[in-house]
Amino acid sequence: MKLYLLPLALLAAPLSAQANAPTLSPELQTGLRCAALFSVVAAEQARMGARDWPPITARGREFFVRVSARAMDAGKLDRPALQALMRSEVAAVRKAETRAALKAPCLAMLDANIPPTARRP
């Protein structure tokens, strides 16, 4: 299944430098950055609400799983290598200004890949 990711310069910025970091496409780098953001927001929503975001937990988890699997396949990553990449991304998106800058593009990416369920009247 192909993920539809936005080619935004801010999101496509390289992952944090690591000695043995694999070369991933900008599409996967973007996906990993947004997956990290969704995990941070979901944790905040569980603790204190994060009311300025729509509910992220279920869709964010599915997005995280899909993009992680693609990154592992494309980058020939094992679980520890993926975890190291995600830890660095989570650290990068913890800053409020970073989260604010990534919010709209990542939500658009989430909607494109895992559409919200239709609400019934």
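In case it helps, mature numbering (1 follows the signal peptide of the UniProt record, and there is no 0) puts the sequence shown at residues -19 to -1, 1 to 102.
C-beta: ideal position from N, C-alpha, C; glycine also.
Remember, it's a predicted structure, so these values are computed and weren't measured experimentally.
Asked                                                                                            : Found
Test item: CB-CB of LEU83 and VAL71 under 8 Å                                                    : no
Identity of the residue in ARG14, ILE95, PRO7 and SER6 nearest LEU66 by Cα                       : ARG14
Residue nearest to PHE19 in terms of C-alpha spacing, selected from GLN10, LEU9, CYS87 and SER49 : CYS87
Bounding residues of the alpha helix (DSSP H) (the contiguous stretch that carries ASP54)        : 38 to 56
Cα-Cα separation, LYS57 to LEU63                                                                 : 10 Å
Spatial distance of ILE37 from VAL22 (CA atoms)                                                  : 7 Å
Alpha helix (DSSP H) segment containing GLY12, residue limits                                    : 7 to 29
Beta-carbon gap between LEU5 and ALA50 smaller than 8 Å                                          : no
Top-ranked residue by Cα proximity to MET90, from VAL48, MET29, ARG32 and GLY30                  : VAL48
Alpha-carbon to alpha-carbon, ARG60 and THR98                                                    : 31 Å
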